[in-house]
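Undergrad: Below you'll find the structure I mean.
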Ligand SMILES: O=C(O)CCC(=O)C(=O)O
Ligand SMILES: [Fe+2]
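In the UniProt record's numbering, the protein residues as written are 1 to 209.
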């Protein structure tokens with residue numbers, strides 16, 4: 001895979017490569033896709049176990065992908081929902097946008113997050129599960145209300161910063177981003193529905209001998 005440093009979007013970071021591409025779908029497709037995903041998906045609010053207590057997550061989410069893409073998250077296994085046609089179309093659009101920019105990528109799964117308003121959120125993390133491999137390329141599509149995704153360096157060598165994610169944008173987190181930084185969608189007084197889709201390539205589990 002070539003580096004995503006040559007993507008035509010706005011480079012937020014050069015090394016490791018973090019790039020924002022606005023206008024992924026155009027209108028009215030972007031707004032229609034937001035409404036369709038909101039309406040047609042079976043959004044879930046799973047509980048996570050923290051210090052022995054069950055907590056509902058502060059957003060809704062859905063794991064979708066090829067049947068062999070198991071995903072472990074906070075000690076739980078999530079089985080993927082089959083691809084919804086609108087999500088599969090979005091995945092293909094992302095792959096094409098990356099290809100046009102000279103970056104070859106393949107995705108077999110996606111985590112969809114639905115934030116009803118600014119109080120819904122996602123805490124600090126890196127997408128560094130072993131099944132994503134050592135240097136994953138993660139493509140994050142944002143639809144709806146603009147929110148900042150906050151980044152901080154694990155070694156605190158540089159200042160934390162915001163990546164503002166407007167409606168109909170694609171944030172490409174290239175090789176090294178998960179290794180060196182964490183990100184979070186912090187609560188903000190910003191009303192409005194937002195849906196994000198983070199496309200990933202999960203290594204299919206080796207078949208048992
Ligand atoms: O909603 C966002 O933009 C962040 C989502 C995210 O970090 C993830 O799905 O791992
Ligand atoms: Fe993430």
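Yeah, the Cβ is synthetic: ideal placement off N, Cα and C, and Gly gets one too.
Since the model is a prediction, treat every value here as computed from it, not as a measurement.
1) Whole angstroms is fine: what's the gap from residue 132's alpha carbon to residue 191's?
2) Check each candidate in 44, 116, 109 and 88 and name the one with the smallest Cα separation from residue 70.
3) Quick check on this structure: which residue in 141, 113 and 8 has the alpha carbon closest to the alpha carbon of residue 92?
4) Report buried or exposed for residue 51, applying the criterion of at least 16 other Cβ atoms within 10 angstroms of its Cβ.
5) Under the assumption that residue 163 contacts residue 12 (Cβ atoms under 8 Å), give the Cβ distance between them as a whole number of angstroms.
6) Among the residues of its own chain, which have a CB less than 8 Å from the CB of residue 47, if the five just before and after it don't count?
7) With a threshold of 7 Å, establish whether the CB of residue 127 neighbours any heavy atom of ligand 2.
8) Short check: CB of residue 112 to CB of residue 61, under 8 Å?
9) Output the distance between the C-alpha atoms of residue 166 and residue 117, rounded to the nearest integer angstrom.
10) Alpha carbons only, please: which of 82, 84 and 24 is nearest the one belonging to residue 143?
11) First and last residue of the beta strand (DSSP E) that includes residue 178?
12) Please find out if some non-hydrogen atom of ligand 2 comes closer than 7 Å to the beta-carbon of residue 198.
13) Anyone know if the C-beta pair for residue 85 and residue 64 falls short of 8 Å?
14) Got a sec, what are the start and stop residues for the alpha helix (DSSP H) residue 31 sits in?
15) Where does residue 123 land, buried or exposed, given buried means 16+ other C-beta within 10 angstroms?
16) Along the chain, where does the beta strand (DSSP E) containing residue 148 start, and where does it finish?
17) If you measure from the CB of residue 183, is any heavy atom of ligand 2 nearer than 7 Å?
18) Flag residue 165 as yes when its Cβ comes closer than 7 Å to any non-hydrogen atom of ligand 1, and as no otherwise.
TA: By the coordinates alone:
1) Locating residue 132 in the chain shown gives position 132, counting from the first residue. Locating residue 191 in the chain shown gives position 191, counting from the first residue. C-alpha separation (whole angstroms): 33 Å.
2) Looking up residue 70 in the chain shown gives position 70. Checked all of 44, 116, 109 and 88; the closest Cα to residue 70 is 109.
3) The residue you call residue 92 lines up with position 92 of the chain shown. Checking every option, the nearest Cα to that of residue 92 belongs to 141.
4) Mapped onto the chain shown, residue 51 falls at position 51. With fewer than 16 Cβ atoms within 10 Å of its Cβ, residue 51 is classed as exposed.
5) In the chain shown, the residue the question calls residue 163 occupies position 163. In the chain shown, the residue the question calls residue 12 occupies position 12. The pair is a contact, with the Cβ atoms about 5 Å apart (cut-off 8 Å).
6) Looking up residue 47 in the chain shown gives position 47. Hits under 8 Å: 54, 55, 56 and 57.
7) One-based indexing of the chain shown puts residue 127 at position 127. True, at least one ligand heavy atom lies under 7 Å from that Cβ.
8) Here the question's residue 112 lines up with position 112 in the chain shown. Here the question's residue 61 lines up with position 61 in the chain shown. It is a contact, given that the beta carbons lie within the stated cut-off.
9) Locating residue 166 in the chain shown gives position 166, where the first residue counts as 1. Locating residue 117 in the chain shown gives position 117, where the first residue counts as 1. Spanning the two alpha carbons is a distance of roughly 15 Å.
10) If you number the chain shown from 1, residue 143 lands on position 143. Nearest C-alpha to residue 143: 24.
11) In the chain shown, counting from the first residue as 1, residue 178 sits at position 178. Here residue 178 belongs to no beta strand (DSSP E); instead the alpha helix (DSSP H) covers 177-180.
12) Here the question's residue 198 lines up with position 198 in the chain shown. Under cutoff, so the answer is yes.
13) Taking the first residue of the chain shown as 1, we reach residue 85 at position 85. Taking the first residue of the chain shown as 1, we reach residue 64 at position 64. Not a contact, by the Cβ cut-off of 8 Å.
14) To locate residue 31, count along the chain shown from 1; it is residue 31. From DSSP, the alpha helix (DSSP H) with residue 31 extends over 29-40.
15) Taking the first residue of the chain shown as position 1, residue 123 is located at position 123. In this structure residue 123 is exposed. Its beta-carbon is surrounded by fewer than 16 other beta-carbon atoms within 10 angstroms.
16) Stepping through the chain shown from its first residue, residue 148 is reached at position 148. Counting along the chain, residue 148 sits inside the beta strand (DSSP E) bounded by residues 147-153.
17) As a first step, residue 183 is located in the chain shown; it is residue number 183 there, counting from the start. In this structure, residue 183 has its beta carbon less than 7 Å from a heavy atom of ligand 2.
18) The sequence position of residue 165 within the chain shown is 165, counting from 1. Remark: the C-beta of residue 165 is in contact range of ligand 1, defined as less than 7 Å to any heavy atom.
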